[in-house]
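Numbering-wise (my numbering), the sequence shown opens with residue 9 and increments by one.
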Amino acid sequence: MAENITLEVVTPEQIVVSEDAQIVVAPGTLGEFGVLIGHTPFLTTLKTGTIHYKDANGRERFLFVSGGFAEALPDKVTILAESAERRQDIDAGRAKAALERAQNRLEKEEDVDFVRAKAALERALHRLKLIETRQ
Ligand code: ATP
9 MAENITLEVV TPEQIVVSED AQIVVAPGTL GEFGVLIGHT PFLTTLKTGT IHYKDANGRE
69 RFLFVSGGFA EALPDKVTIL AESAERRQDI DAGRAKAALE RAQNRLEKEE DVDFVRAKAA
129 LERALHRLKL IETRQ
């Protein structure tokens, strides 16, 4: 069996993941990328979306991620994100409330920070999609 890589996902608040993985797939700004052991080193910014990886036992794991960077080294992937949480830690009610707030701002408020509201909407939609579509 091929060797594993180390995956670390860190936010300003906590270490969300620190474990071995067989493969890591993450949403880079220029497109989704996958990393296996021995990958050429690279650095990229991240989009809001889903990181998925296979843990050392081959189980698929999913995480929400928003903002930040990924660094791939031949034996390690480090994700420094503004926010990230494991699928099972996503609070559906909170994401629905965030979605509603963002929709109201975009629809009704005149003096709205459009970019900020749009980004909040996108985070909420990605969180909800992750918990609804990948059970
Ligand atoms: P909210 O308006 O509900 O705070 P947000 O999209 O603005 O949503 P973020 O700025 O992405 O929130 O995240 C702030 C912190 O709250 C992070 O630690 C993130 O992991 C956590 N968080 C945000 N929304 C959820 C959620 N629905 N379930 C679990 N954790 C969440």
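Just so you know, even glycine gets a beta-carbon here, dropped at the ideal spot from N, CA and C. Predicted model only: the values in this text are computed from it and were never measured.
Subject >> Endpoints, beta strand (DSSP E) assigned at K62 >> reply: To locate residue 62, count along the sequence shown from 1; it is residue 54. Unbroken beta strand (DSSP E) run through K62: G57 to D63.
Subject >> Buried versus exposed call for R131 [16 or more other C-beta atoms within 10 Å across all chains shown] >> reply: One-based indexing of the sequence shown puts residue 131 at position 123. With 16 or more Cβ atoms within 10 Å of its Cβ, R131 is classed as buried.
Subject >> Integer-rounded CB distance, given that A34 should sit under 8 Å from I87 >> reply: Against the sequence shown, residue 87 aligns to sequence position 79. Against the sequence shown, residue 34 aligns to sequence position 26. Correct: roughly 7 Å between the Cβ atoms.
Original post:
Can we count I98 as close to the ligand ATP, meaning its CB is less than 7 Å from some heavy atom?
Top reply: Taking the sequence shown and counting its residues from 1, one reaches residue 98 at position 90. Yes.
Original post:
According to DSSP, what are the bridge partners of P35?
Top reply: Taking the sequence shown and counting its residues from 1, one reaches residue 35 at position 27. P35 is bridged to E40.
Original post:
Does any heavy atom of the ligand ATP sit closer than 7 Å to the C-beta of R102?
Top reply: Taking the sequence shown and counting its residues from 1, the one referred to as residue 102 is at position 94. R102 Cβ: within cutoff of the ligand ATP.
Original post:
How many Å lie between L107 and E90 at the Cα?
Top reply: Here residue 107 corresponds to residue number 99 of the sequence shown, with the count starting at 1. Here residue 90 corresponds to residue number 82 of the sequence shown, with the count starting at 1. So the alpha carbons of these two residues sit roughly 18 Å apart.
Subject >> the region 90 to 104 contacting the region 55 to 74, beta-carbon criterion three pairs below 8 Å >> reply: yes
**OP:** Specify, as a first and last residue, the run of the alpha helix (DSSP H) that R167 falls within.
**Re:** Within the shown structure, residues of the chain are numbered from 9 to 143, placing residue 167 beyond reach of any answer.
**OP:** Name, in chain order, the residues that DSSP records as bridge partners for K84.
**Re:** Locating residue 84 in the sequence shown gives position 76, counting from the first residue. The partner list for K84 (beta bridge, DSSP) reads T14 and L81.
Original post:
Residues in its own chain within less than 8 Å of D4 by CB, not counting five upstream and five downstream?
Top reply: Look at the range of the chain in this structure, 9 to 143, and you will see that residue 4 is not part of it.
Original post:
Is DSSP giving Q30 helix, strand or coil here?
Top reply: By one-based count along the sequence shown, residue 30 stands at place 22. Three-state DSSP puts Q30 in a strand.
Original post:
Can L54 and G42 be called in contact, C-beta distance under 8 Å?
Top reply: By 1-based counting over the sequence shown, the position of residue 54 is 46. By 1-based counting over the sequence shown, the position of residue 42 is 34. It is not a contact, given that the beta carbons lie outside the stated cut-off.
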